[in-house]
């Protein structure tokens, strides 16, 4: 791979990481905790368009979770940095796989699904462990609250973003690969 292409991919990754973290910080009051609507999760549809979104979203999530902990707004701290970031990485990889091919309607339906399901499961478990009770009803309660927040953001904001970026001229302008 030539140097200019590597530089472009690295720059895209860094910009996506910074954008994810900045949106999370701008909406910190609803981005952390048992009930959360993390607006930056709308960006989780971006792996449909570019592979650089996978590390970009993961790094942005790790940064947001760690800085949020040190700023005193992320009550789960290192747990969220490890498990929340892992959920984002796995979701981005699955979104990339599910969204690469197929008609637009299928991308709109499937691309937001991995972030919704994986965050509900992984972050739900993380919250049950951190805040208790660590039992099935406790886990289900957290998983449901995280899953609903994720679904609202990923489908309510992520799908319109996916539709806007699906316009070929806009896509080519932003993600030249």
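Residue numbers (the working numbering): 8 to 184.
Glycine residues also receive a C-beta, built at the ideal position from the N, C-alpha and C atoms.
Distance from the Cα of residue 16 is smallest, within the candidate group 56, 34 and 33, for 56. For the pair residue 18 and residue 88, the Cα-to-Cα distance works out to about 23 Å.
Counting only the Cα atoms, residue 48 lies some 12 Å from residue 37. In this structure residue 67 is in contact with residue 25, their Cβ atoms being roughly 7 Å apart against a cut-off of 8 Å.
A direct Cα-Cα distance of roughly 44 Å separates residue 41 from residue 10. In this structure, the CA atom of residue 69 is about 13 Å from the CA atom of residue 83. A direct Cα-Cα distance of roughly 15 Å separates residue 120 from residue 111. Residues of the same chain with a CB within less than 6 Å of the CB of residue 153, apart from the 5 flanking positions on each side, are 126, 127, 130 and 131 in chain order. Taking the C-beta atoms as reference points, residue 158 is found no nearer than 8 Å to residue 52. Judged by DSSP secondary structure, residue 82 falls outside any alpha helix (DSSP H); it is assigned neither H nor E. Look at residue 59 here: in three-state DSSP terms it is coil, with no helix or strand label. A residue is called buried when at least 16 other Cβ atoms come within 10 angstroms of its Cβ; residue 167 does not meet this threshold and is exposed. Close CB contacts of residue 60 within its chain, under the 6 Å cut and outside five residues either way in sequence, are with 23, 53 and 54 (chain order). In this structure residue 122 touches residue 98 by the C-beta definition: roughly 4 Å separates them, less than 8 Å. Closest by C-alpha distance to residue 134, out of 78, 71 and 43, is 43.
A Cβ-Cβ contact shorter than 8 Å links residue 71 with residue 31.
Residue 104 counts as exposed, since fewer than 16 other beta carbons sit within 10 angstroms of its beta carbon.
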